[in-house]
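In this note's numbering, the protein residues as written are 123 to 500.
Backbone N, C-alpha and C define an ideal beta-carbon position, used for all residues, glycine too.
Worksheet: the structure to be examined is printed underneath.
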Ligand code: SF4
């Protein structure tokens, strides 16, 4: 990726960028053209998407997991407080989000078929579908046939991050559970597409392999999906590792400036894909990144089941070898009975959804709580 300044300028001047052009834009030579890239990226984003920012919220159903991912607080070997919300509790959580304005909700769960079965997911989706027009899933990968009932129940989007596209690091990070299978995960978006999902979200977790390598792989993956899953709308997320239970330290670092460079490069390479930014990033940075190419943001997020209403508190437990271990009286007493399930990671932007929406307006954008694409195509 040692592109020359001249080659990078040429790439920036093209109306349609190849993967080589994308590699030039994310190279160190591209960093010297960041201002120009920012201007172009901003302009294309406004042309294609208007001055709007779509908002969504994650709703955590369960923090049970059979995998060990070294960077994640929900890993099965972490002795954390776990719970799976009942369908009624999920509805309560969703109502709290609807009251804040959200109509676009991402249901998130760790991978544990015993606690998070396909039937359970279908029930949750069906219970929300009437009041939430846009329901997406970020759950353990499944077979196409297992996805179909979830689409029928009303889910239209599926998010699955490869985490890292570097196979050696992938092996090192995923020490136990079905997630060890790199290919199975990589092919998930295609299985989801075959089942009828029409919004597919992919991404890498920045902080594992070299960010430029990951970004190039994400771009190649997106390029492929745009051709093969051509009826779907593709979104790319840019999560950077955040502190979590287990105290994993990032292996690599992507600076804020490099993140700006990557957002602009993604926008220039893929003028029409959605670019997603979560509350993993701090408020000031999120505000600054907004005009540069981001089209979808989470806001006011909680990354633990029951985080919006306190639902599920009475069923908190630890899980050992798939078996629930009730909390002892002393553990309850120590916490005054007011403990929450453990979160997946600490968020950085702690503003409420209303505060984020207000900030979006002040920046001259319209906050949009619904995914209009979905509404117009159904
Ligand atoms: S990243 Fe996902 S699969 Fe891995 S431990 Fe966390 S919740 Fe489980």
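Would you report the Cα separation of residue i and residue j, rounded to the nearest angstrom?
i, j, result
"residue 253", "residue 420", "19 Å"
"residue 200", "residue 161", "45 Å"
"residue 272", "residue 186", "20 Å"
"residue 487", "residue 168", "10 Å"
"residue 165", "residue 344", "22 Å"
"residue 374", "residue 328", "8 Å"
"residue 397", "residue 389", "8 Å"
"residue 194", "residue 442", "17 Å"
"residue 346", "residue 333", "20 Å"
"residue 395", "residue 448", "45 Å"
"residue 297", "residue 230", "22 Å"
"residue 480", "residue 489", "8 Å"
"residue 450", "residue 427", "21 Å"
"residue 337", "residue 352", "21 Å"
"residue 379", "residue 259", "30 Å"
Between the options, which lies nearest to residue i when the distance is taken from Cα to Cα?
i, options, result
"residue 478", "177, 143 and 221", "177"
"residue 400", "157, 409 and 392", "409"
"residue 492", "469, 417 and 215", "417"
"residue 156", "134, 140 and 262", "134"
"residue 266", "152, 317 and 348", "317"
"residue 431", "415, 461, 447 and 446", "461"
"residue 128", "376, 151 and 385", "151"
"residue 232", "476, 465 and 370", "465"
"residue 288", "331, 274, 321 and 275", "331"
"residue 476", "179, 293, 147 and 246", "179"
"residue 236", "444, 360 and 352", "444"
"residue 376", "259, 424 and 335", "335"
"residue 357", "392, 339 and 380", "392"
Look at residue i and residue j and say whether their C-beta atoms are less than 8 Å apart.
i, j, result
"residue 190", "residue 323", "no"
"residue 364", "residue 307", "no"
"residue 263", "residue 282", "yes"
"residue 463", "residue 203", "yes"
"residue 218", "residue 250", "no"
"residue 213", "residue 183", "no"
"residue 285", "residue 314", "no"
"residue 422", "residue 222", "yes"
"residue 366", "residue 468", "yes"
"residue 206", "residue 257", "no"
"residue 414", "residue 446", "no"
"residue 171", "residue 341", "no"
"residue 304", "residue 269", "no"
"residue 147", "residue 159", "yes"
Taking all protein chains shown into account, do 16 or more other C-beta atoms lie within 10 angstroms of the C-beta of residue i, making it buried, or fewer, making it exposed?
i, result
"residue 241", "exposed"
"residue 126", "exposed"
"residue 261", "buried"
"residue 499", "Note that residue 499 scores 49 on pLDDT, short of 50, meaning its location in the model is unreliable; the coordinates nonetheless yield the value given after this. Looking at its Cβ environment, which holds fewer than 16 other Cβ atoms inside 10 Å, residue 499 is exposed."
"residue 278", "buried"
"residue 197", "buried"
"residue 301", "buried"
"residue 310", "buried"
"residue 225", "buried"
"residue 483", "exposed"
"residue 293", "exposed"
"residue 355", "buried"
"residue 290", "exposed"
"residue 246", "buried"
Task: beta strand (DSSP E) segments (min. 3 residues) lying fully within the stretch 182-259 - done: Runs found: 226-231.
- [ ] Can you check the stretch 306-344 for any alpha helix (DSSP H) of at least 4 residues that lies completely inside it and give the ranges in chain order?
- [x] Here the runs fully enclosed are 310-317.
- [ ] Would you mind listing the beta strand (DSSP E) stretches within the stretch 388-441 that are 3+ residues and don't spill past its ends, in chain order?
- [x] Taking only runs of at least 3 residues, the beta strand (DSSP E) segments lying wholly in the stretch 388-441 are 396-399 and 418-420.
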